[in-house]
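Residue 686 is where the sequence shown starts when you use our numbering, and the numbers rise one by one after that. To keep things clear, I will list the structure first and then write my remarks on it.
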Amino acid sequence: MQENIGFQLSRLPRLWRAIIDERLAPLGLTQTRWVTLYHLWRLGDGQPQCDLARAIGVEAPSLVRTLDQLSEQGLVERRPCDQDRRTKRVYLTAAATPLLERIDDVVQEARDEMFAGLDADEIATLGELLSRIEDNGLALQARDDTAVEP
């Protein structure tokens with residue numbers, strides 16, 4: 686059983702996103718666009734581009750194209766940072782709010798359906814267990830990063 690957990694953990698995010706992608710397709714949103722908007726909304730306006738990229742799990746240059754597209758759609762705007770002109774901060778526009786509310790509804794509905802049959806205590810326990818696994822992985826990653834000598 687334990688050897689299957691890693692495979693399950695790797696399949697679930699893809700399945701989760703595929704369900705949400707399918708439901709958001711009528712809104713004309715690609716996965717990269719809705720994930721970017723949703724993360725910015727959750728993190729809060731004015732995120733530095735590099736921090737937003739890190740939160741999403743992409744390289745900063747990869748995010749630039751998505752931000753260009755979202756900017757062309759009038760959903761985000763980038764402004765220079767007052768403290769560091771090399772840094773661009775990303776802001777949601779007023780036009781993004783209704784779209785984000787719809788995205789949130791879709792995500793919540795999918796979450797409720799994916800968690801069907803689990804009670805609140807089981808969901809809380811699952812969250813705690815996943816956090817511990819993630820913490821263990823981050824500790825391993827940090828240890829491996831420091832073990833590599835330049």
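All C-beta atoms in this analysis are idealised placements derived from N, C-alpha and C, irrespective of residue type, glycine included.
For residue i, I'd like the list of residues in its chain whose CB is within less than 6 Å of its CB, leaving aside the five on either flank, ordered along the chain.
i           : result
residue 724 : 740, 741
Opposite residue i in the DSSP bridges: which residues?
i           : result
residue 763 : 775
residue 645 : Outside the displayed range of the chain (686 to 835) lies residue 645, so it cannot be described from this structure.
Quick one: grab the DSSP three-state call for residue i.
i           : result
residue 768 : coil
residue 758 : coil
residue 709 : helix
residue 720 : helix
residue 742 : coil
residue 697 : helix
residue 715 : coil
Report all residues from its chain with a CB closer than 7 Å to the CB of residue i; omit the five preceding and five following residues, and keep chain order.
i           : result
residue 850 : Only positions 686 to 835 of the chain appear in this structure, which leaves residue 850 out of reach.
residue 765 : 773
residue 716 : 702, 706
Could you check whether residue j and residue i sit closer than 8 Å to each other, using their CB atoms as the reference points?
i           : j           : result
residue 784 : residue 712 : yes
residue 721 : residue 755 : yes
residue 690 : residue 795 : no
Got a sec? Which residues, its chain only, sit under 8 Å from residue i by beta carbon, not counting five neighbours each side?
i           : result
residue 737 : 721, 724, 725, 728, 748, 775
Can you check the segment 770-818 for any beta strand (DSSP E) of at least 3 residues that lies completely inside it and give the ranges in chain order?
-> Within the segment 770-818, the complete beta strand (DSSP E) runs of at least 3 residues are 773-777.
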